[in-house]
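Participant: What follows is a single structure, and I will ask about it in a moment.
There are 2 protein chains.
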Amino acid sequence: MNDSRPIRAKSGTNHEGTSAHNRRVMIDALRINGALSRADLARATRLTKQTVSNIIEELERDGLVSSQEAVRKGRGQPSTPYRLVPEGAFAIGLQIDRHVTRAVAVDLVGRVLVRAEAVLPPGGPSTGTKVILDLVASVRLKLAGIVRQSEKRLVGLGVAMPGPFGIDGSGDDPWMMEAWQKFPLLDTLTAGTGLDVGLQNDAAAAATAERMVGAAHGLDHAVCLFVGYGIGAGLILNGELYRGANGNAGEIGMALLFADGKSTPLEHRASLASLYQYLSADPADPDLHAHINDLASGGDPGIDTWIETAAADLRWSIHLIETIFDPQTVILCGSAPEALVNRLIAAIGPLLPSIAERRGRTLPRLQSGMADPWSVALGAAAGPIGRAFDPHFAAILKDSR
Amino acid sequence: MNDSRPIRAKSGTNHEGTSAHNRRVMIDALRINGALSRADLARATRLTKQTVSNIIEELERDGLVSSQEAVRKGRGQPSTPYRLVPEGAFAIGLQIDRHVTRAVAVDLVGRVLVRAEAVLPPGGPSTGTKVILDLVASVRLKLAGIVRQSEKRLVGLGVAMPGPFGIDGSGDDPWMMEAWQKFPLLDTLTAGTGLDVGLQNDAAAAATAERMVGAAHGLDHAVCLFVGYGIGAGLILNGELYRGANGNAGEIGMALLFADGKSTPLEHRASLASLYQYLSADPADPDLHAHINDLASGGDPGIDTWIETAAADLRWSIHLIETIFDPQTVILCGSAPEALVNRLIAAIGPLLPSIAERRGRTLPRLQSGMADPWSVALGAAAGPIGRAFDPHFAAILKDSR
DNA sequence: GTAATAAGTCAAGACAATTGACTTAATAAG
DNA sequence: CTTATTAAGTCAATTGTCTTGACTTATTAC
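Residue numbers (my numbering), protein chains in the order written: chain A, 1 to 401; chain B, 1 to 401.
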């Protein structure tokens, strides 16, 4: 036992873990169901009325919930519904992309209160760090101008950027983010902002956003297929974002497809990068987004071939996701122009047969999610909010924080 | 609020949830690390010495742990290590396959104490139910002959059979298990045995077995690629088996591959079923397993082509699994003859490039797991043991049971 | 031989959920 | 209009579980 081999074990828990969990469960219930009375909460969470009363009182004191007007419904004393107070907490979300960086301030219910973006100069972290820190600072300042005491209610800074993380570069992408991926970003941002900083890849951030305010709201098993400059999948499994052993789960852009005797990564076939190449467009062109939106909505025949090819690959990807994950639904989202996403969804149907074809489905197999340049930053911000307020296993354990 | 819409919420927890979790954490720590002293456990779980002492005392009273001889190690009072008592709990595992059914009795540490198998007559549940119930009864009887009071320590019956569950049959497999998949098996077995019954597909059971006593022992992120009559993946994510929304996660046999302009399910290319067809063999032949083992170990050229094709598909499947799940390792296991699994592993290498190629890996990307006809039944039994003793989120909540 | 170190126990205390009786406020029934 | 019934919510005491800090025991290092 003196053999220095570290002992591995899960952490235990105690009263505080219990209490923290029950607080989170209340907040989660209000987020999913809207306003609920204490009696409703007691029934739904299987806690006693008294326990719920105590917790709600505490949450109200902390400014996280507030009572609404009493509701009469049949016999008995009218109930007093409680709702989440949007101003109860805020988080900053930061998206680092190839040419731009975006930052948002988001409140407890997922509303975006402040948005700001900046051009990211070439040169990676050496020049970009200052831009990013300035952008975050400006968003915090604007937020403070809108809401009193916002800084006290700031639970963290969430960062989203393309993955994968921790891999030696494949080096075949001229717009690769390798310099950023290797940079000690978390430490730098923690030091530069004083906030609790978390990192996700952009597909994961999109999924986090969909879970907080989008098509995955209240779902425990959903996969978001994210079409951006690259392509990735954000995995909501058992009600939580799944990260894998190294934070790279869902990086399906690097999945190899075999066709015509050669192998191609999926993201060379179905991603904005592939479209840019197909169109011989300059990814750094600021008007490109609008231009592609026009092309896609105008029914330009030049883009149709690409849409057909990409849709075929996406159709197969969805089939594979359904087969592997058995989710409640698949959500197609992206930082691609909305018209393009809509064209893709139209071109994907009908879906391939899979185990997802079951009687008694209530959700469609494929749904469209957000296709908004700001959704990744929103999802980045949703990360710290979820960490702070959503019920999850790790939050109960003693070593959580 | 009167609108009958059910309120959805996670369940709260209380003292008993805390206590139950901490007990499970102790057992888990002893399972992963071997014998540990109370002080070791306190450090590893971040609980106090006193708490650990109380829990260990209770576990010892319950016959789940026992003390070993004191160990001197440097200054200070010698420590008393505690270990799991194998006879502390038992579970019955039942595998229902196409032609046979197997049942085992397994103890707390995953040792198989009793095994029994029976031929499953054609006709599905109408004739098979009695065979199964008799088999389970005989295993329980034999176990009771070996261990006193075994019935009191029986935590449940785990069942494993090919999936997917709840799907209207594709009907293209002459050996399909559709009649079993539609049969109210859980209710029948619960009524017929009086035990707590759980169900997994066979790949999930294989993964559960690997996690308890095999290559995934102590790992939190591992995927078992299971080659049997069909092919499936058992997913260990965040330390737990992932089931998906409908219990069908990992059923990759139905994944469609596109090649030469047509689509084929993976299990028509890399599974024993495909090999049987390739060899024009009768799946019901009881000597087939040994025969194929001979073919594979003898280097029969007739089987080489199939191995090459299957290995290529498995190589790609592993690549895809690594890309999607970012696991610590992938484990190839199966109910296929061991020589065949070894040939396949040899033919799979070298692996395709993926994000799993990272510096500082300690585990191999691909490992071989159990290739034993009994491993699925063992995994089936490991299900109830895990449910009863492993730490997991659901076990903390008030509605767990 | 004595100090230092580590394992483990004892008894009191703190924390958070539970229990059961009670209060309040509404509707339904006579 | 009065009374019974129902449901929301509170009060005060209790319970279960972990924590705290002092203490005991057993061993090695100096």
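No residue lacks a Cβ here, since even glycine has one placed at the ideal position from N, Cα and C.
1. Using a beta-carbon distance cut-off of less than 9 Å, what residues from the stretch 188-218 of chain A approach chain B?
2. Leaving out five residues before and five after A44 of chain B in sequence, what residues of the same chain have Cβ atoms less than 8 Å from its Cβ?
3. Identify which residue in A:R83, A:N293, A:P384, A:W374 has its Cα closest to the Cα of E60 of chain A.
4. Given this structure, state the Cα-to-Cα distance separating G250 of chain B from T101 of chain A, to the nearest angstrom.
5. Please give me, in chain order, every unbroken run of the alpha helix (DSSP H) with length at least 4 that falls completely inside the stretch 123-205 of chain B.
6. To which residues of the same chain is G244 of chain B closer than 8 Å at the C-beta, ignoring the five residues directly before and after it?
7. What I want to know is whether the C-beta of E308 of chain A ends up closer than 7 Å to one or more non-hydrogen atoms of the ligand GTP.
8. Once you ignore the five residues that flank W306 of chain B on each side, which residues in its own chain have a CB closer than 6 Å to its CB?
9. In the structure shown, what three-state DSSP assignment does E240 of chain A receive?
10. With contact counted as at least three CB pairs below 8 Å, one residue from each stretch, are the stretch 157-168 of chain A and the stretch 180-187 of chain A in contact?
11. Can you tell me whether DSSP reads N2 of chain B as helix, strand or coil?
12. Going by alpha carbons, who is nearest to A310 of chain B out of B:G230, B:V213, B:A105?
13. Please state the DSSP three-state secondary structure of R401 of chain A.
14. Per DSSP, what kind of secondary structure is E60 of chain A in: helix, strand or coil?
15. Listed from N- to C-terminal order along the chain, which residues in the stretch 380-401 of chain B have their beta-carbon within a distance smaller than 7 Å of any beta-carbon of chain A?
16. Quick check on the burial criterion: 16 or more other C-beta atoms within 10 angstroms. Buried or exposed for Q181 of chain B?
17. Do the stretch 145-152 of chain A and the stretch 187-202 of chain A meet, that is, are 3 or more Cβ pairs less than 8 Å apart?
18. Could you check what DSSP says for G110 of chain A in three-state terms: helix, strand or coil?
19. In terms of DSSP beta bridges, what is P350 of chain A paired with?
20. So, is the C-beta of F325 of chain A closer than 8 Å to a C-beta in chain B?
21. Can you tell me which of the three DSSP states K10 of chain A falls into?
22. For V213 of chain B, which residues from the same chain have a beta carbon less than 6 Å from its beta carbon, with the 5 sequence-adjacent residues on both sides left out?
23. Per DSSP, V71 of chain A is paired with what?
24. Is L120 of chain A buried or exposed, if buried means 16 or more other CB atoms sit within 10 Å of its CB?
25. From V227 of chain B to A388 of chain B, what does the alpha carbon distance come to, in whole angstroms?
26. Does any CB atom of chain A fall closer than 8 Å to the CB of N22 of chain B?
27. Thinking C-alpha only, which one of A:P384, A:K49, A:P391, A:G299 is nearest T208 of chain A?
28. Go through its chain and collect everything with a Cβ distance to A296 of chain A's Cβ below 7 Å, but skip five positions before and after it.
29. Less than 8 Å separating the beta-carbons of L235 of chain A and L157 of chain A?
30. Between which two residues does the alpha helix (DSSP H) carrying L30 of chain B extend?
31. Going by DSSP, name the residue or residues bridged to R102 of chain A.
32. Any C-beta of chain B sitting closer than 8 Å to the C-beta of E251 of chain A?
33. Looking at chain A, is there any beta carbon in it that lies within less than 8 Å of the beta carbon of D372 of chain B?
34. Name, going along the chain, the residues of the stretch 326-342 of chain B whose beta-carbon falls closer than 7 Å to a beta-carbon of chain A.
35. Which runs of the alpha helix (DSSP H) at least 4 residues long sit entirely within the stretch 334-394 of chain A? Give them in chain order.
36. Counting contacts by CB-CB distance shorter than 8 Å, is V65 of chain B in contact with chain A?
Facilitator: Reading it off the structure:
1. Along the stretch 188-218 of chain A, the positions whose C-beta sits under 9 Å from a C-beta of chain B are G218, read in chain order.
2. Excluding five sequence positions before and after A44 of chain B, the CB atoms of its chain that fall closer than 8 Å to its own CB belong to A29, N33, L36, given in chain order.
3. It is A:R83.
4. Taking the straight line joining both Cα atoms gives about 37 Å.
5. Listed in chain order, the complete alpha helix (DSSP H) runs (minimum 4 residues) inside the stretch 123-205 of chain B are 125-146, 178-182, 185-193.
6. Within the same chain, G244 of chain B has close Cβ partners G250.
7. Within the structure as shown, the ligand GTP is missing, as the structure has no ligands at all.
8. The residues are L275, Y278.
9. Residue state, collapsed to three classes: strand.
10. Cβ pair count under 8 Å is three or more, so yes.
11. Summary for N2 of chain B: the model assigns pLDDT 38, below 50, so the residue's position carries little reliability; its value from the coordinates is reported in the next sentence. Three-state DSSP puts N2 of chain B in coil, outside helix and strand.
12. Considering only alpha carbons, the answer is B:G230.
13. With a pLDDT of 44 at R401 of chain A, under the threshold of 50, the predicted position of this residue should be treated as unreliable, though the coordinate-derived value follows. R401 of chain A falls in the coil class under three-state DSSP.
14. When DSSP states are grouped into helix, strand and coil, E60 of chain A belongs to the helix group.
15. Residues passing the 7 Å Cβ filter: P391, F393, I396, K398, D399.
16. When all chains shown are included, Q181 of chain B counts as buried.
17. No, the stretch 145-152 of chain A does not touch the stretch 187-202 of chain A.
18. G110 of chain A falls in the coil class under three-state DSSP.
19. None, per the DSSP bridge assignment.
20. Interface residue, yes.
21. Reduced to three states, the DSSP call for K10 of chain A is coil.
22. Cβ neighbours of V213 of chain B beyond the five flanking positions: G110.
23. DSSP output for V71 of chain A lists A:S79 as bridge partner(s).
24. Result: buried.
25. Distance between the alpha carbons of V227 of chain B and A388 of chain B: 28 Å.
26. Nearest CB-CB separation between N22 of chain B and chain A: below the 8 Å threshold.
27. Answer by Cα proximity: A:P384.
28. So the list reads I303, P337, A339, L340, R343, once near-sequence residues are dropped.
29. No, they are not a contact pair.
30. Unbroken alpha helix (DSSP H) run through L30 of chain B: 15-33.
31. Under DSSP, the beta-bridge partners assigned to R102 of chain A are A:Q95, A:E117.
32. So yes, E251 of chain A belongs to the interface.
33. Chain A contact via Cβ: absent.
34. In summary, the residues of the stretch 326-342 of chain B whose CB is separated from some CB of chain A by less than 7 Å are D326, P327, Q328, in the order they occur in the chain.
35. Taken in chain order, the unbroken stretches of alpha helix (DSSP H) that lie wholly in the stretch 334-394 of chain A and span 4 residues or more are 338-348, 375-389.
36. Judged by the 8 Å Cβ criterion, V65 of chain B is not in contact with chain A.
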